[in-house]
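Residues 414 to 560 in my numbering are what the sequence shown lists, from first letter to last.
Glycine is no exception: its CB is placed at the ideal position from the N, C-alpha and C atoms.
Written out below as structure tokens is the structure these notes cover.
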Amino acid sequence: MAEETFDLEGAEKLLPELERLLRVAVAGKQKVSDIEQEYARLVKSIFLSGGRWVDVAHFSQRKQEKEEWEARLREAVQEIENYGCLIKDLNMGLLDFPCRLDDREVYLCWRLGESSIRFWHNTDEGFACRKPLDPKSLGKLKPPRSV
């Protein structure tokens, strides 16, 4: 479990910045994937045709774009992790916030596109086991422990 723990208020204060960073990371992952697929199509085409002319300038530019997007992706992921959040699924835009509920360590769970943090789950569970934060569970959330 991460050293940092959050309470609901502290986690929600970070959402605007985390959403921005997560959108950069998701876009970066998609751009890198698109360029890699373009490379794969070219390699297949060259193989199937027994060789062909390649626009070296275009692919040099695409290589540079890929490297730039990879750097943006790495930076965004690092910034998110520096806040103490756990990226659970970049494709879904899913973040967990280590938290304490009673005397247990749990995760507050937020997905890109959700307006606020409304779910939690145990540390050995995932998205499919999210439980709604209700007044009963909210009252049991503990303040963050000092690090």
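query = Mapping DSSP to helix, strand and coil, what is Ile530?
reply = The sequence position of residue 530 within the sequence shown is 117, counting from 1. Residue state, collapsed to three classes: coil.
Buried/exposed call for Ile530, threshold 16 Cβ in 10 Å = Residue 530 sits at position 117 when you count from the first residue of the sequence shown. The residue in question, Ile530, is buried, as its Cβ has 16 or more Cβ neighbours within 10 Å.
query = When we look at the beta-carbon of Val519 and count the other beta-carbons within 10 Å, is it buried (16 or more) or exposed?
reply = If you number the sequence shown from 1, residue 519 lands on position 106. Buried.
task = Identify, in the order they occur along the chain, each residue of the same chain with its Cβ nearer than 8 Å to the Cβ of Lys479, setting aside the five sequence neighbours on each side.
result = Stepping through the sequence shown from its first residue, residue 479 is reached at position 66. Same-chain partners within the cutoff: Lys444, Val445, Ile448, Glu449.
key: Cβ contact (3+ pairs, closer than 8 Å) linking the segment 531-545 and the segment 504-522   = yes
inquiry  = Let me confirm a value: Pro511 is counted as buried when at least 16 other C-beta atoms fall within 10 Å, else exposed. Which label applies?
reply    = As a working note, residue 511 is residue 98 in the sequence shown. The residue is buried, with at least 16 neighbouring Cβ atoms inside 10 Å.
request  = Would you be able to state if there are at least three C-beta pairs under 8 Å between the segment 430-441 and the segment 471-489?
outcome  = yes
task = Look up Tyr520 in the DSSP assignment and say whether it is helix, strand or coil.
result = Against the sequence shown, residue 520 aligns to sequence position 107. Three-state DSSP puts Tyr520 in a strand.
query = So, helix, strand or coil for Arg543, using DSSP?
reply = Numbered from its first residue, the sequence shown carries residue 543 at position 130. Correct three-state label for Arg543: coil.
ask   = Quick one: what's got a C-beta closer than 7 Å to Arg524's C-beta in the same chain, skipping five residues either side?
value = As a working note, residue 524 is residue 111 in the sequence shown. Excluding positions up to five away in sequence, the list reads Met505, Gly506, Leu507.
ask   = Between the C-alpha atoms of Ala470 and Ala489, what's the straight-line distance to the nearest angstrom?
value = Sequence index remark: in the sequence shown, residue 470 carries index 57 (1-based). Sequence index remark: in the sequence shown, residue 489 carries index 76 (1-based). The straight-line gap from Cα to Cα measures roughly 29 Å.
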